[in-house]
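Here is the structure we will look at.
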Amino acid sequence: MIQEKNLRKDVVMIQIVVSHGVAHIWNAKDWLEAREVHRIIGSFDGAEGEGWTNEIHANLPFKLTMIEARYLVKKGVAEIYSVPCLNELNPGVDEDNVEERRQKKELESLEIYKKRKRAELEATVDKIIEGKRKKGKIVEDKELVIQEELEKYKEFPYKTIRLDLTDPWISEKDLVSYDFPEFTSELEKVRYRVFEDFHSNLKYFLTTGIKFGGDFIAYKGDPLNYHAEFIIMCEDTSRKFTDIHIISQCRLAIALKKKLLIATLKSETDELVYRLVSRSVEDENTLAE
Numbered sequence: 001m002i003q004e005k006n007l008r009k010d011v012v013m014i015q016i017v018v019s020h021g022v023a024h025i026w027n028a029k030d031w032l033e034a035r036e037v038h039r040i041i042g043s044f045d046g047a048e049g050e051g052w053t054n055e056i057h058a059n060l061p062f063k064l065t066m067i068e069a070r071y072l073v074k075k076g077v078a079e080i081y082s083v084p085c086l087n088e089l090n091p092g093v094d095e096d097n098v099e100e101r102r103q104k105k106e107l108e109s110l111e112i113y114k115k116r117k118r119a120e121l122e123a124t125v126d127k128i129i130e131g132k133r134k135k136g137k138i139v140e141d142k143e144l145v146i147q148e149e150l151e152k153y154k155e156f157p158y159k160t161i162r163l164d165l166t167d168p169w170i171s172e173k174d175l176v177s178y179d180f181p182e183f184t185s186e187l188e189k190v191r192y193r194v195f196e197d198f199h200s201n202l203k204y205f206l207t208t209g210i211k212f213g214g215d216f217i218a219y220k221g222d223p224l225n226y227h228a229e230f231i232i233m234c235e236d237t238s239r240k241f242t243d244i245h246i247i248s249q250c251r252l253a254i255a256l257k258k259k260l261l262i263a264t265l266k267s268e269t270d271e272l273v274y275r276l277v278s279r280s281v282e283d284e285n286t287l288a289e
């Protein structure tokens, strides 16, 4: 079970930014806390690049559903803002600022590269000195040898540079407090209540269930390590599932070794209730006849 605690000692709120109706997290530490502490799966929405495994991965920003964003804000661990300038089709860009930032990142990358290179040189400096002696060069000062080698690197030897861990172009003055709109339908309310219940009370991980014909897929542990346990379908007065649809979804769940849950709200009490749908071998034989 994941212990719900803030990863950062200063207890800084997770910052969520909404633009064009989409919620994003731009800060790497905020993403880590949302993922590891609050079990928010989301998805990366940034430019793609190769990691150390040579696999293509998307990068920041981290995209959340509005249900995930609403949950974090209601839980009191996140603040949400809109950034009106991001809604512009072609927002202005300060070219001097862009170039200055690019140069700064190159210098930072070079310094990090030199630190790593120094560690390598310190491990091999004796061999370098021995090689120089064979060529007739007498060198005794190891630090001098290391400095001479490091001086060869005047610029970062790779074309790639470090990624920003936050959006460099969003400043505090750009942020405007964002208010979530009211639920436009009972179905939206049911979906949020299910998400909140499985996260806060049952401690599950939830992802979208669209690929299995449901609203959510529920995992008892991290989806990277666990198989899904439930396919959850949300129902309201405007969305009633037919028996045929339920049977087909139940068959799919059984074939995938999962359980089918149908969630709804009681109209009298607004209580969230679940219906576990299962079929026995006898049911299959009866239907076949």
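Numbering (UniProt numbering), first residue to last: 1 to 289.
A virtual CB, placed ideally from N, CA and C, is assigned to each residue, including glycine.
Query                                                                                                    : Result
Identity of the residues DSSP links to Ser267 by a beta bridge                                           : Partner(s): none; Ser267 has no beta bridge.
Residue-chain proximity (Pro223, chain D), Cβ-Cβ < 8 Å                                                   : Structure shown: chain D not included; a single protein chain is present.
CA nearest to the CA of Lys240, picked from Arg118, Tyr81, Glu186                                        : Glu186
Environment of Ser82 [buried if 16+ CB atoms lie within 10 Å]                                            : buried
Exposure label - His20; buried when at least 16 CB within 10 Å                                           : exposed
Separation of Thr124 from Lys134, as counted between CA atoms                                            : 16 Å
Complete runs of the alpha helix (DSSP H) confined to the region 217 to 271 [at least 4 residues]        : 243 to 255
Rounded C-alpha distance that separates Pro84 from His24                                                 : 14 Å
Where the beta strand (DSSP E) containing Lys137 begins and where it ends                                : Neither: Lys137 is in no beta strand (DSSP E) and is coded neither H nor E.
Reduced DSSP secondary structure (H/G/I, E/B, other) of Thr184                                           : coil
Span separating the alpha-carbon of Cys234 from that of Pro223                                           : 21 Å
Cβ contact check for the region 187 to 203 and the region 264 to 272: 3 or more pairs under 8 Å          : yes
Sheet register partners of Lys63 (DSSP bridge)                                                           : His24, Ser43
Proximity below 8 Å, CB of Leu150 to CB of Lys117                                                        : yes
Buried versus exposed call for Glu33 [16 or more other C-beta atoms within 10 Å across all chains shown] : buried
Range covered by the alpha helix (DSSP H) that runs through Leu150                                       : 142 to 150
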